[in-house]
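A.B. asks:
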Amino acid sequence: DTAVSQTPKYLVTQMGNDKSIKCEQNLGHDTMYWYKQDSKKFLKIMFSYNNKELIINETVPNRFSPKSPDKAHLNLHINSLELGDSAVYFCASSLPGEGNEQYFGPGTRLTVT
Amino acid sequence: QQPVQSPQAVILREGEDAVINCSSSKALYSVHWYRQKHGEAPVFLMILLKGGEQKGHDKISASFNEKKQQSSLYLTASQLSYSGTYFCGTGTGFQKLVFGTGTRLLVSP
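Residue numbers (this note's numbering), protein chains in the order written: chain A, 1 to 113; chain B, 1001 to 1109.
#1: With a threshold of 7 Å between beta carbons, is residue 1190 (chain B) in contact with chain A?
#2: Between residue 1074 (chain B) and chain A, is there a C-beta pair that is closer than 7 Å?
#3: With 16 as the cutoff for other CB atoms within 10 Å, does residue 1025 (chain B) come out buried or exposed?
#4: Considering residue 1008 (chain B), what are the terminal residues of the beta strand (DSSP E) in which it resides?
#5: With distances taken Cα to Cα, identify the nearest neighbour of residue 15 (chain A) among A:88, A:79, A:96 and A:107.
#6: Using a Cβ-Cβ distance under 7 Å, would residue 1091 (chain B) count as near chain A?
#7: Since residue 1091 (chain B) contacts residue 98 (chain A) with CB under 8 Å, what's their CB separation in whole angstroms?
#8: How about residue 1071 (chain B): is its C-beta nearer than 7 Å to some C-beta of chain A?
#9: Name the one or two DSSP bridge partners that residue 45 (chain A) has.
#10: On the three-pair Cβ rule with 8 Å, is the segment 93-107 of chain A touching the segment 27-35 of chain A?
#11: Quick one: is residue 66 (chain A) near chain B, going by C-beta distance under 7 Å?
#12: Please name the residues in the segment 12-36 of chain A whose beta-carbon is closer than 9 Å to at least one beta-carbon of chain B, in chain order.
#13: Please state the DSSP three-state secondary structure of residue 1108 (chain B).
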């Protein structure tokens, strides 16, 4: 059973398009995250939700909009895609609190051409 | 600011030991360690909390010097499966982890 799943695994699209990435976790966690890992492998947090409430919103362009329909799902919608958005996007989940490990999804490799 | 990891890369022979360091400029509440293999997701190894609490895998050990804002991950009797990139993630108590620059480890037979 997959703990944290993401779809799609690969996404190739052209500049200016709008795309969404979906994430689901079956661990019963209250907290979910979106991370971006760039070509240099830097892993940077973008957003975090706790029980459907946004608790972390890093300095991310407002073209990125997360949505949490329930605490098991956290989706990421990206408008007007740019070349610099090309990266691997990871979803993760954890129990609340910084003292709990995060479980990462398999990642979505986004390529913008 | 991103924590700095050292070394940037290390090559080991199977059975050798290694230490990976993580240094932050901020007062820390937690340090997390993750390993990421090529093309895969980061996988949890260990958490160290201010005050001394730790949790993680039995075969992994680490230390956390709260005063120096530093943590070290100790890999002993390395195995081929230890190869990958190791990341520390530091937190200041607000549930936001800032991940380090990464350390690439290659274990050869």
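Idealized CB from N, CA, C, for every residue including glycine. These figures come from a predicted structure and were not determined experimentally.
C.D. replies: The answer reads as follows:
#1: Nothing in the structure corresponds to residue 1190 (chain B), since chain B is present only between 1001 and 1109.
#2: What you label residue 1074 (chain B) is simply residue 74 of the second sequence in a count that begins at 1. With 7 Å as the cut-off, residue 1074 (chain B) does not count as an interface residue toward chain A.
#3: Here residue 1025 (chain B) corresponds to residue number 25 of the second sequence, with the count starting at 1. Residue 1025 (chain B) comes out exposed.
#4: Within the second sequence, the letter at position 8 stands for residue 1008 (chain B). Element bounds for residue 1008 (chain B): n/a, residue is neither H nor E.
#5: Locating residue 15 (chain A) in the first sequence gives position 15, where the first residue counts as 1. If we check each option's Cα against that of residue 15 (chain A), A:79 comes out closest.
#6: Counted from its first residue, the second sequence places residue 1091 (chain B) at position 91. Answer yes: the Cβ-Cβ gap between residue 1091 (chain B) and chain A drops below 7 Å somewhere.
#7: For the purposes of this step, residue 1091 (chain B) is identified with residue 91 of the second sequence, where counting begins at 1. For the purposes of this step, residue 98 (chain A) is identified with residue 98 of the first sequence, where counting begins at 1. Rounded, the Cβ-Cβ distance is 4 Å, consistent with contact.
#8: In the second sequence, the residue the question calls residue 1071 (chain B) occupies position 71. For residue 1071 (chain B), the answer is no, since every Cβ of chain A falls outside 7 Å of its Cβ.
#9: In the first sequence, the residue the question calls residue 45 (chain A) occupies position 45. Answer by DSSP bridge pairing, in chain order: A:35.
#10: yes
#11: Reading the first sequence from its first residue, position 66 is the one you call residue 66 (chain A). With 7 Å as the cut-off, residue 66 (chain A) does not count as an interface residue toward chain B.
#12: 31, 33 and 35
#13: Mapped onto the second sequence, residue 1108 (chain B) falls at position 108. The answer is strand: DSSP assigns residue 1108 (chain B) an E or B state.
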